[in-house]
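> Sharing a structure below in structure tokens format, with a few things to ask.
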Amino acid sequence: MQISKKLALIFTFTCLFWLLPAQAQETDGVASGVLITPKAGHEETLITAITEYHHWIAQFEGHMEYTWYEILTGPHTGKYMARSGNHNWADFDAEYDWQEESGKVFASNIAPHIESMHRTMTEEMREYSHWPESFDGYTHFTVENWYIKNGHGRKFRTHLKKIVETLKANGFKNYWGFFDVVTGGHGGQVQLVSANKGWADMADTDPSFYDIMSKELGGDEAFNAFMSEWGATFKSGANWTVKRMPEASDYGK
1 MQISKKLALI FTFTCLFWLL PAQAQETDGV ASGVLITPKA GHEETLITAI TEYHHWIAQF
61 EGHMEYTWYE ILTGPHTGKY MARSGNHNWA DFDAEYDWQE ESGKVFASNI APHIESMHRT
121 MTEEMREYSH WPESFDGYTH FTVENWYIKN GHGRKFRTHL KKIVETLKAN GFKNYWGFFD
181 VVTGGHGGQV QLVSANKGWA DMADTDPSFY DIMSKELGGD EAFNAFMSEW GATFKSGANW
241 TVKRMPEASD YGK
């Protein structure tokens with residue numbers, strides 16, 4: 001069935017988000033993400049300014065460290081994503097005496113190069129995530145928005161749990177994470193993020209998603225029925241690929 005092939009491809013090509021540690025602290029799975037639209041012609045100047053800002057703010061205890069990504073494909077191509085992850089909610093309520101100064105520096109040196117910013121807060125759905133032990137070498141991340149339909153949350157998660165447990169148990173070679181979009185998005189929105197070591201790492205795996213799941217479920221007919229039932233619980237939205245920007249993410253450590 002068509003929906004089955006589509007969902008299989010989603011896992012093959014986007015099995016996803018950049019869960020790179022932000023700083024050594026007691027953490028949960030809360031992250032702040034900012035979609036940044038640079039002013040036309042200000043791209044290089046913005047990256048230089050944010051790199052200098054990161055080196056400067058690194059001197060202050062309690063600062064959050066944001067990893068920057070260049071958006072390569074999708075509706076936000078040419079924009080940037082900055083993300084600080086592995087937090088608990090209390091981290092965002094903390095106050096420091098250097099924050100007023102840092103705000104002025106940001107407003108003076110960085111804001112003039114930015115057209116707009118949109119912030120979201122996410123919380124990782126850890127029981128559905130599957131990450132490598134180390135992110136060394138992982139440079140590209142693919143993000144896809146999914147929207148769970150009203151009244152279908154339990155079925156969505158029940159089927160997703162079956163999929164994740166089966167893929168893990170059978171050595172599926174991709175890595176991914178699921179995230180609830182808590183603020184800045186839409187109701188029922190989750191994000192699927194996959195980690196890859198460049199474009200070549202996004203090719204089909206062996207065994208494939210279909211191979212593993214159809215064997216587990218008892219054949220093609222059962223696979224199609226399962227995927228159609230699960231696919232009816234959500235709608236897939238925009239997707240895009242980002243590349244980590246090491247220099248812009250460097251805090252001089």
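Residue numbering for the sequence shown follows my numbering, beginning at 1 and increasing consecutively.
We put the CB at the ideal spot given by N, CA and C, even for glycine.
#1: Could you work out which residue in T67, N224, H186 and T37 is closest to F135 when comparing CA atoms only?
#2: From this set, A94, W131 and G237, which residue's C-alpha is nearest G171's C-alpha?
#3: Exposed or buried, which one is K161 when buried takes at least 16 other CB atoms within 10 Å?
#4: Less than 8 Å between the C-beta atoms of M121 and S32, yes or no?
#5: Looking only at DSSP bridge pairs, what is P38 linked to?
#6: By the DSSP assignment, the beta strand (DSSP E) with W131 in it spans what residues?
#7: Counting only runs of 3+ residues fully inside the segment 55-112, write out the beta strand (DSSP E) ranges in chain order.
#8: Please list the terminal residues of the continuous beta strand (DSSP E) segment that includes N177.
#9: Quick check on the burial criterion: 16 or more other C-beta atoms within 10 angstroms. Buried or exposed for E100?
#10: By a C-beta neighbour count over all protein chains shown, 10 Å radius and 16 as the cutoff for buried, is E44 buried or exposed?
#11: Leaving out five residues before and five after S129 in sequence, what residues of the same chain have Cβ atoms less than 7 Å from its Cβ?
#12: Please name the residue or residues paired with I148 in a DSSP beta bridge.
#13: From the DSSP output, read off the bridge partner residues of E123.
#14: Taking the beta carbon of A49 as the centre, do at least 16 other beta carbons fall within 10 Å, making it buried, or is it exposed?
#15: Relative to the C-alpha of V143, which residue among G252, D28, L35 and G29 is closest?
#16: Going by DSSP, which residues form a beta bridge with K215?
#17: With DSSP as the reference, label A195 as helix, strand or coil.
A quick look at the data gives this:
#1: Closest option to F135, judged by alpha-carbon separation, among T67, N224, H186 and T37: T67.
#2: Taking only the C-alpha atoms, the option nearest G171 is W131.
#3: Per the 10 Å Cβ criterion, exposed.
#4: In contact: M121 and S32 (Cβ atoms closer than 8 Å).
#5: Answer is I114.
#6: Per DSSP, W131 belongs to no beta strand (DSSP E) and is neither H nor E.
#7: Complete beta strand (DSSP E) runs here, min 3: 67-71 and 80-87.
#8: Per the sequence shown, the amino acid found at residue 177 is Gly instead of Asn. In the DSSP annotation of this structure, the continuous segment of the beta strand (DSSP E) that includes G177 starts and ends at Y175 to T183.
#9: Sixteen is the threshold: since fewer than 16 other Cβ atoms of the shown chains lie within 10 Å of the Cβ of E100, the residue is exposed.
#10: So E44 ends up on the exposed side.
#11: W176, G177 and F178, listed in sequence order.
#12: Answer by DSSP bridge pairing, in chain order: F234.
#13: Beta-bridge annotation (DSSP): E123 is paired with V30 and D180.
#14: It is buried - the Cβ of A49 has at least 16 other Cβ atoms within 10 Å.
#15: Measuring from the Cα of V143, the nearest candidate turns out to be L35.
#16: According to DSSP, K215 bridges with nothing at all.
#17: Three-state DSSP puts A195 in a strand.
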